[in-house]
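To start, the structure under review is shown below, and the notes come after it.
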Amino acid sequence: MPKAPRSRQKVSRKVNTTSQPPPERDVVTFDEEEAEDTEATWDTTESIVGSDDAEAIEATMTKDEKRRLKHLRWMQKLALSHHTHTAKPAKTRKEPKPKPLDLGPLHLSLLDAELEQDQRDEERTKAKQIAETRKRNKPLSKENRKKVGMAEMIRHQQVLALGAFRENPMGAIGVHVKNTV
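If you count by our numbering, then the sequence shown holds residues -3 to 177, one letter each, in order.
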């Protein structure tokens, strides 16, 4: 069965011309300046033209008039949205301004922290200098270990022969520690 042919016109654009003749209307001109001055929102052709049968009038409008009508609606929509953004809000209760901060205690604590940091840095540098001046312990060879062992035995015998060590060994060790440290 063949398909039924479709008409090219949209259903919403058709006007029933058999029942009544098209309504007489005044030529509507759209002035952009006039449209900007008005604050009313026009959503339909009926409110602009003032006819009861808005669809019939819109169907009989020329293409240029429809374009102008569409442009006018768009401009009014923009004007309305711009008006809502630029409108000043109602005055509200003033909030108290924040007082300027007193940074004196913070400044003092920062100075104290800087002094402590400087002292720590000085102690670290002193410790590094002392560590650099000390001799490094290197692993000894067999021959060097014998020499060090002999030197320790001789030193031990000299300490035992010392008169102050014989009388008070702990006192002699204390004096030795004070002198070396």
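For every residue, glycine included, the Cβ atom is placed at its ideal position computed from N, Cα and C.
Might you give, ordered along the chain, the residues of its own chain that have their beta carbon closer than 8 Å to the beta carbon of residue i, omitting 5 neighbours on each side?
| i | result |
| --- | --- |
| residue 62 | 54 |
| residue 160 | 167, 168, 171 |
| residue 144 | 136 |
| residue 60 | none |
Which word fits residue i, buried or exposed, when buried means at least 16 other C-beta atoms lie within 10 angstroms of its C-beta?
| i | result |
| --- | --- |
| residue 76 | exposed |
| residue 68 | buried |
Please look up how many angstroms separate the CB atoms of residue i and residue j, rounded, as I've assumed it's under 8 Å.
| i | j | result |
| --- | --- | --- |
| residue 158 | residue 168 | 7 Å |
Once you ignore the five residues that flank residue i on each side, which residues in its own chain have a CB closer than 6 Å to its CB?
| i | result |
| --- | --- |
| residue 154 | none |
| residue 104 | none |
| residue 124 | none |
Please return the same chain residues whose Cβ sits closer than 7 Å to the Cβ of residue i, not counting the five positions on each side in sequence.
| i | result |
| --- | --- |
| residue 109 | none |
| residue 141 | none |
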